[in-house]
Amino acid sequence: MTDRHEEVHEHDDMSVVVTPINLILFVLFIFIVYMKLRPTPPTTYPTRKPTVFRTFTPRTLLPFNGIGDTPVYLSVNGRVFDVSAGRNFYGPGGPYANFAGKDASRGLACGSFDESMLTKDLDGPLDTLQDLGTEEMDALKGWEEKFQEKYIVVGKLVPVGSAEAEAPRR
Amino acid sequence: MAGDTIVQKIDTHLMELFEGWNIYTTAFVIVIATLLLFPLFLWHQPDTHPLLLARQASVSPVRQPGESAVYRSPETPDGYPLRTGLGVKEPGAPKWSSGKNGDLRDVWRQTTRGALDDAGEPTGKTGSILTVLGKERIIEHRLEEVSREINIIGQYIRQHNGQRVAIYLPNSIEFLTTVFATAFYGITPILIPYRQSVEDLVHTLKITKPDFLMSAAGGLPLTEVVRFYGGLKQVVWVVEEGSRHMDWNEVPEGIGGQAGVGVWHEIVEEKKATVGSTIPDNAENETLKNLITIWHGRKDDVGEVVEFTQKNLVAAIAGIISSLPPNQRLNPSDLLLPVESLAMVYPLALTFAALYSGASVVLNSATSQKSDLDLATRSVSPTIIVASAEIAAKSVNKTRSEMTMGWHKLVHWFETRALTVSGRMPVASIFTAIFDYVRPALGEQPGKLRLLFVPERANSDCPVLDPADLSDLRAFTGARVVYALTAARVAGAVTQTSIYDYRAEDARKGKHGHFGVPLSCVEVKVIDTSSHKTTDEGDPMGEVGVWNFSQLRN
Chain A
851 MTDRHEEVHE
861 HDDMSVVVTP
871 INLILFVLFI
881 FIVYMKLRPT
891 PPTTYPTRKP
901 TVFRTFTPRT
911 LLPFNGIGDT
921 PVYLSVNGRV
931 FDVSAGRNFY
941 GPGGPYANFA
951 GKDASRGLAC
961 GSFDESMLTK
971 DLDGPLDTLQ
981 DLGTEEMDAL
991 KGWEEKFQEK
1001 YIVVGKLVPV
1011 GSAEAEAPRR
Chain B
4 MAGDTIVQKI
14 DTHLMELFEG
24 WNIYTTAFVI
34 VIATLLLFPL
44 FLWHQPDTHP
54 LLLARQASVS
64 PVRQPGESAV
74 YRSPETPDGY
84 PLRTGLGVKE
94 PGAPKWSSGK
104 NGDLRDVWRQ
114 TTRGALDDAG
124 EPTGKTGSIL
134 TVLGKERIIE
144 HRLEEVSREI
154 NIIGQYIRQH
164 NGQRVAIYLP
174 NSIEFLTTVF
184 ATAFYGITPI
194 LIPYRQSVED
204 LVHTLKITKP
214 DFLMSAAGGL
224 PLTEVVRFYG
234 GLKQVVWVVE
244 EGSRHMDWNE
254 VPEGIGGQAG
264 VGVWHEIVEE
274 KKATVGSTIP
284 DNAENETLKN
294 LITIWHGRKD
304 DVGEVVEFTQ
314 KNLVAAIAGI
324 ISSLPPNQRL
334 NPSDLLLPVE
344 SLAMVYPLAL
354 TFAALYSGAS
364 VVLNSATSQK
374 SDLDLATRSV
384 SPTIIVASAE
394 IAAKSVNKTR
404 SEMTMGWHKL
414 VHWFETRALT
424 VSGRMPVASI
434 FTAIFDYVRP
444 ALGEQPGKLR
454 LLFVPERANS
464 DCPVLDPADL
474 SDLRAFTGAR
484 VVYALTAARV
494 AGAVTQTSIY
504 DYRAEDARKG
514 KHGHFGVPLS
524 CVEVKVIDTS
534 SHKTTDEGDP
544 MGEVGVWNFS
554 QLRN
């Protein structure tokens, strides 16, 4: 008799706890605990892959003229600058577009953007700028400093056929 | 209308639902409300922005073939000059002047002059240097007297034509005094880690060739040492107070005519009246002597001799000082306790950084690789400790093994969550106090410790502290932990974790997590080796190379 009585009592207890509203609240409780304890993905900081420093010849520099998706490079005094940040000026259609992918030293020194300022023979020696006066060389130095402040150096320019150009890539 | 019936239906359903309301429902509601409302009151901001922690080192945009990009501290990113020195300014110098790099002498001058305020004017508040003797006694050394001893010892070494002084002493005021004396009097100090076997010591002496030796009385068998190494001209014993009644001046038999013997406290006593406490000025065009240390990688290594220039040292000291955010810098209210031999360059640089910043330093000669944190801090309450990875690992493991009760684990779980999820130091409360008796007992007044520097030695048998160990170390000690990567040929550290960096996401048991960013005086790049290459995909791998100011140039 006593056994049976307890069973009934227990059953009553269960039906008191398990009511629809209690069930709803219980699910809500589980959900809140889950939201609090679920692992959060770690914060990441966007990084850019560094560009590898390269040795360019006038010929291998040529493709970096900003046409399509290529970056815009130009060379000043043997240093190759990545001027993609100034694409509006140096990229296709910009006022300095002639310099993209070229040795811009003479043009910058003389303050002229003409095509005549560029070295025609891509396979020949680099422009030594021997014939320029001090005024032009000062102007070039000014440009070089400005470039160093604004843009990054991604390589150097050597003539085709020189030892460095031929040296096997490490 | 149809609308009415829907509303009525909903109404009756709701009525039915709420008819089930009982005491358990009320309990549920209270629990849920607490769960939602409690964090609103207890919410704390993380100690720093998560993005700042994710950023880490500043990376150069261009890399050389065969190498990774150059990694630098965000304080001195690519294109800016690395930190070269302390920026020492003479009192009264214009605020905008840049100051000179300085050297170890400037560290001591700054110590005696006291901390500077924001405007660069001396506040007149000087730190102090304390020594713990035995269990209870603490001696405070007057800086003026230390300056006098620097003069006395420097002059004594010069009188005996000492050029290279081997310092074979435990952490003590005499150790620091001798290092500063060598700096002021143009002598080369050689720091030899204390407590070595006679063979190792003789080997070290043979390759470093000192002509002068400072040692603790009874710390080495002189007759034996002199028999194997004949280059010593003079030996000075540093005698503990309790042993001063003995005659230490006696020259052991068999070495007569080779080396003389002096006793530190007698030398000081004799010259006290005649030698002033004004430290010498810098002479013009003098060449500063290098500081020579011995790097022990593995236990069976004989030790690598590493020579640091004064430039290396000041760059390292400056790098360590500026690596902490401004409101956490070493300051005059700090008390630093090195629980690691000062013959190691990282604890030494940190001690100099503390002195330069006007903080106080407490020295305990009983500290060695084998000591533990509880013991070393028994009678003092340091705010900053530098302890080797061995000692830190020991402390963590000891506390873990004592965490036997369920509530220990519960408190620990909450503290770890505060650190790794909320990004803040756990707050001490009544709730966490039930855990206190298993925590490492650090200092007379617990809770004073704010910073723990733990140097890891690259390429050594140093135990690995994985991110979980470091997180536990923070939770157990209640102090922020800076984990530093040190290397043989780099003064100070290569990189240090940010003091706000509690992340333990990339935790792999027994593997290093990360070491934070390079100090502002170095740049780091990874160089290809035959087996590891940097590619454009994945993380750079290879040999880690470190360049510049706190590093030696060959």
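Protein chains in written order, with this note's numbering: chain A, 851 to 1020; chain B, 4 to 557.
All C-beta atoms, glycine included, are put in the ideal place defined by N, C-alpha and C.
Legend: CB atoms of the stretch 44-68 of chain B lying less than 8 Å from CB atoms of chain A belong to residues P53, L54, L56, A57, R58, Q59, V62, S63, P64, V65, R66, Q67, P68.
Scanning the stretch 276-321 of chain B from its first residue to its last, the whole beta strand (DSSP E) runs of 3-plus residues come out as 294-298, 307-311. The DSSP-derived three-state label of A/D981 is coil. Considering only B/A496, B/N285, B/E343, the residue with the shortest C-alpha distance to B/C524 is B/A496. Residue-level contact by beta carbon fails for B/G519 and chain A, as no gap is shorter than 9 Å. Residues of chain B with a Cβ closer than 7 Å to the Cβ of A/T894 are, in chain order, A57. Sixteen is the threshold: since fewer than 16 other Cβ atoms of the shown chains lie within 10 Å of the Cβ of B/R301, the residue is exposed. If you draw a straight line from the Cα of B/T277 to the Cα of B/Q158, it is about 12 Å long. Rounded to the nearest whole angstrom, the CA to CA distance from A/T901 to B/L54 is 24 Å. The beta carbon of A/R904 falls within 9 Å of a beta carbon belonging to chain B, placing the residue at that interface.
Considering only beta carbons, the part of the stretch 28-41 of chain B lying closer than 8 Å to chain A consists of T28, F31, V32, V34, I35, L38, L39, in chain order. By the Cβ neighbour-count rule, B/H415 is buried, with 16 or more other Cβ atoms within 10 Å of its own. Taking B/E148 as reference, the option from B/V529, B/W111, B/R511 with the minimal CA-CA separation is B/W111. Here A/S1012 is exposed. Its C-beta has fewer than 16 other C-beta atoms within 10 Å. According to the DSSP assignment, B/M217 belongs to the beta strand (DSSP E) that extends over 215-219.
Bounds of the beta strand (DSSP E) holding B/G263 are 263-266. Within the stretch 342-366 of chain B, no residue has its Cβ closer than 9 Å to any Cβ of chain A. One finds P892 in chain A with Cβ atoms closer than 7 Å to the Cβ of B/E508, taken in chain order. Taken through DSSP and simplified to helix, strand or coil, B/Y486 comes out as strand. Measuring C-alpha to C-alpha distances from B/M217 to each of B/Y232, B/V241, B/Q199, B/H206 identifies B/V241 as the nearest. For B/E143, the enclosing beta strand (DSSP E) stretches over residues 140-144.
Closest by C-alpha distance to B/S325, out of B/S368, B/M406, B/A357, is B/A357.
Scanning chain A for C-beta atoms nearer than 7 Å to the C-beta of B/W24 yields I871, reported in chain order. In this structure, DSSP gives B/N330 a helical state, which the three-state scheme calls helix.
In the DSSP assignment, B/D531 falls outside any alpha helix (DSSP H) and carries neither an H nor an E. In the structure shown, B/A118 adopts coil according to DSSP, grouped into three states.
With respect to chain B, the C-beta atom of A/F879 has a partner C-beta closer than 9 Å.
By the neighbour-count criterion, in which 16 or more other beta carbons inside 10 Å mark a residue as buried, A/F881 falls on the exposed side. Across the stretch 82-114 of chain B, no CB contact with chain A closer than 8 Å is found for any residue. Shown here is that no member of the stretch 904-919 of chain A has a Cβ falling below 7 Å from a Cβ of chain B. Residue pairing by DSSP puts B/L454 in a beta bridge opposite B/I387, B/R483. The continuous alpha helix (DSSP H) containing B/A395 extends over residues 392-405. In the DSSP annotation of this structure, the continuous segment of the alpha helix (DSSP H) that includes B/D377 starts and ends at 376-379. Sorting B/Q261, B/L339, B/F187 by C-alpha distance to the C-alpha of B/G105 places B/F187 at the top. The shortest CA-to-CA distance from B/V529 to any of B/L43, B/V271, B/V73 is the one to B/V73. Under the three-state reduction of DSSP output, B/E253 falls in the coil class, being neither helix nor strand.
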